[in-house]
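In full-length UniProt numbering, the protein residues as written are 1 to 141.
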């Protein structure tokens, strides 16, 4: 059966493919002011030291924080955005094999919003935190 979900439906937006799909990032929660993604770590995510590359954490945080401000709960008000600024703090190495990124919208207005979030492993270790600024955009046709 073909997917008949509208392209701007928040449930289909992150399943559209591209970079996040190639990374293996999975959307786990998407609600007003909140987004959560998970990633099962694989060898392709590791740096030369055998630990996850910092870019993996940054991508997860960018995705979770950005997504946290894209939807206000109303089905007709999905608002895609782009990142204006992302500040990541790398805190620890994960012990587990799965990473969980959660982003929360913290404020903003009609076109600019702010978010914060963190990446933890499945054992609860806080691996990285971030704050960011995002701009709502109108997708090109």
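Don't be surprised by glycine CBs; every beta carbon is placed ideally from N, CA and C.
**Asked** If you drop the 5 nearest sequence neighbours on each side, which residues of the same chain put their C-beta closer than 6 Å to that of residue 2?
**Response** Confidence is the limiting factor: at residue 2 the pLDDT is only 35, short of 50, which leaves the residue's position unreliable, though a coordinate-based value still follows. The answer is none, since no qualifying residue turns up.
**Message:** Less than 8 Å between the C-beta atoms of residue 57 and residue 88, yes or no?
**Reply:** The answer is yes: Cβ separation under 8 Å.
**Item:** Straight-line gap, residue 100 to residue 48 (C-alpha atoms, nearest Å)
**Value:** Their Cα atoms are separated by approximately 22 Å.
**N-terminal and C-terminal residue of the beta strand (DSSP E) that residue 121 is part of** = If you look at residue 121, you'll find it in the beta strand (DSSP E) that goes 112 to 121.
**Test item: CB-CB of residue 108 and residue 68 under 8 Å** = In this structure, residue 68 does not lie closer than 8 Å to residue 108 by Cβ.
**Asked** The alpha helix (DSSP H) with residue 127 in it runs from where to where?
**Response** Note, residue 127: premise wrong, no alpha helix (DSSP H); beta strand (DSSP E) at 126 to 136.
**Asked** Which residue's Cα is closest to the Cα of residue 45: 132, 125 and 98?
**Response** Taking the Cα of residue 45 as reference, the smallest distance to any Cα among 132, 125 and 98 is reached at 98.
**Message:** Out of 28, 92 and 135, which one is the CA nearest neighbour of residue 51?
**Reply:** Among 28, 92 and 135, the Cα nearest to that of residue 51 belongs to 92.
**Request:** Give me the Cα-Cα distance between residue 24 and residue 90, rounded to the nearest whole angstrom.
**Result:** C-alpha separation (whole angstroms): 21 Å.
**Asked** When the Cα of residue 61 is compared with those of 43, 79 and 120, which residue comes out closest?
**Response** Restricting attention to 43, 79 and 120, the CA atom closest to the CA of residue 61 is found in 120.
**Prompt:** Is DSSP giving residue 101 helix, strand or coil here?
**Reply:** DSSP, read as helix, strand or coil, puts residue 101 in strand.
**Asked** Near residue 53, which residues of its chain fall below 7 Å by C-beta distance, leaving aside the five closest residues on each side in sequence?
**Response** Setting aside the 5 residues that flank it on each side, residue 53 is surrounded in the same chain by 45, 46 and 47, each with a C-beta closer than 7 Å to its C-beta; the list follows chain order.
**Prompt:** Are the CB atoms of residue 132 and residue 65 nearer to each other than 8 Å?
**Reply:** Taking a C-beta distance under 8 Å as the contact criterion, residue 132 and residue 65 qualify as a contact pair.
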